[in-house]
Amino acid sequence: MQNTKMPPFETILQNRATMIEAVLREILSTHPQDGEIARPDRLVEAMRHGVLNGGKRLRPFLVLESAALFSGDESASLRVAAALECIHCYSLIHDDLPAMDDDDLRRGRPTVHKAFDDATAILAGDALLTLAFDIIVSPETELALDAKVALVSGLARASGLGGMVGGQMFDMAAEKAHPGEEGIIRLQAMKTGALIRFACEAGAILADASDEDRTRMTEYGAAIGLAFQLADDLLDLTADTATLGKTAGKDVAAGKATLAAMHGPDWTRQQLNGLVAQAKDLLTPFDERADVLRQTADFIANRRN
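At position 88 of the sequence shown (counting the first as 1) the number is 778 in our numbering, and the numbers step up by one without a gap.
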């Protein structure tokens, strides 16, 4: 059942991004918080450059919409969403470094190490990583202690050794080892999918949803996480740098293993369509309440940058 009164999806996405941006601007101030001694101006400036640079804010958007599905507190979900975006942006700052993907552009602007320097970029990423957990556990995030513990544990595992960071390690190794399809799916589920999966689960956690609903949202997140990576790989094959806002064709040039490169655009598009259908099926019990999340699956599969 479709909600005909719903605003256009892009409007909803932009409105949510504006809300997230406001929270992030407040958090990334130069004013020291309780227990801090000082916040170096240049470090804060670099962090803000890496975070407050536009972008769709898809991961925090998923936190907000998943929490709203279960009537979660909006103020708390905004702060959890901001924490997740700090993790995501730290990973981009580090990924762009010369020792990693060595990129000069991010969202159409110079990357942090280009706008500042390598050392400042490393420290900006380090600070965003630790800040994310501070945001969740702080008194301003008004959630029960068990919810905060579950969120911190889930975010740590999604972003760390067995999640995003581990996936990046597999991705770097894949430039030489050339893994098969199973290996590619594993590294993508970790590098890209883990944070997207957590974003959907986080909304259910902070809203105190049932275990069944939490599992359902985790599975939905896994499906759209793989779809996101397939769409990204497809764009790397077919889009130009101006459209992407980052250097196009870098994965192919670096010899990175992707499913799109292995099987071609037609196969990739077919798989994307299947993942969107799977994600939508998982939302069936929620009827029209989940219409925004259904549209999110379509948006991920059909995005242009």
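The beta-carbon is built from N, C-alpha and C at its ideal position, and this holds for glycine as well. Computed from a predicted model, the values in this text were never measured in an experiment.
- Considering only ASP808, ARG749, SER756 and ASP792, the residue with the shortest C-alpha distance to CYS779 is ARG749.
- As for any alpha helix (DSSP H) of minimum length 4 sitting wholly inside the stretch 752-799, the runs are 764-785, ordered along the chain.
- In this structure ASP786 touches HIS803 by the C-beta definition: roughly 6 Å separates them, less than 8 Å.
- The C-beta of MET696 has fewer than 16 other C-beta atoms within 10 Å across all chains shown, which makes the residue exposed.
- Each residue's CA atom was taken as its position, placing PHE918 and GLY870 some 20 Å apart.
- Where ASN992 is concerned, the enclosing alpha helix (DSSP H) starts and stops at 981-992.
- Here the stretch 822-836 does not lie against the stretch 729-748, with fewer than 3 beta-carbon pairs under 8 Å apart.
- Taking C-alpha positions only, LEU920 is separated from ILE914 by approximately 10 Å.
- Between LEU774 and ALA879, the gap from beta carbon to beta carbon reaches 9 Å or more.
- Counting only residues of its own chain and dropping the five nearest sequence neighbours on each side, LEU714 has a CB closer than 8 Å to the CB of VAL741, LEU742, ALA772, GLU775 and CYS776.
- For the pair ARG979 and LYS866, the Cα-to-Cα distance works out to about 46 Å.
- By the criterion of a C-beta distance shorter than 8 Å, ARG959 is surrounded in its chain by LEU924, once the five residues flanking it on both sides are discounted.
- With a 10 Å radius around the Cβ and a threshold of 16 neighbouring Cβ atoms, ALA864 comes out buried.
- GLY857 sits in a helix when the DSSP states are folded into three classes.
- Listed in chain order, the non-local C-beta contacts of GLU830 below 6 Å within the same chain number zero, local neighbours out to five positions each way being set aside.
- Using a 10 angstroms sphere on the CB of GLN723, the tally of other CB atoms stays under 16, which defines it as exposed.
- For the pair SER765 and GLU902, the Cα-to-Cα distance works out to about 24 Å.
- Around the beta carbon of THR720, a 10 Å sphere encloses fewer than 16 other beta carbons of the protein chains shown; the residue is thus reported as exposed.
- About 6 Å separates the beta carbons of LEU896 and ALA757, which is inside the 8 Å limit, making them a contact pair.
- MET737 places its beta carbon less than 9 Å from that of ALA817.
- GLU726 sits in coil when the DSSP states are folded into three classes, being neither helix nor strand.
- Your pair ALA950 and LEU927 checks out as a contact, with CB atoms roughly 6 Å apart and the cut at 8 Å.
- Its chain contains SER756, CYS890, GLU891 and ALA894 as the residues whose beta carbon lies nearer than 6 Å to that of MET907, once the 5 sequence neighbours on both sides are disregarded; these appear in chain order.
- Between GLU832 and ASP922, the C-beta gap is not smaller than 9 Å, which leaves the two residues out of contact.
- For the options MET854, ARG797 and ARG732, the alpha carbon positioned closest to that of THR810 is the one of ARG732.
- DSSP, read as helix, strand or coil, puts PRO697 in coil.
- ALA712 is classed as exposed because its beta carbon has fewer than 16 other beta carbons within 10 Å across all chains shown.
- DSSP places PHE823 inside the alpha helix (DSSP H), whose first and last residues are 808-827.
- Cα atoms of ASP971 and TYR910: separation of roughly 9 Å, rounded to the nearest angstrom.
- With at least 16 other beta carbons inside 10 angstroms of its own, SER767 counts as buried.
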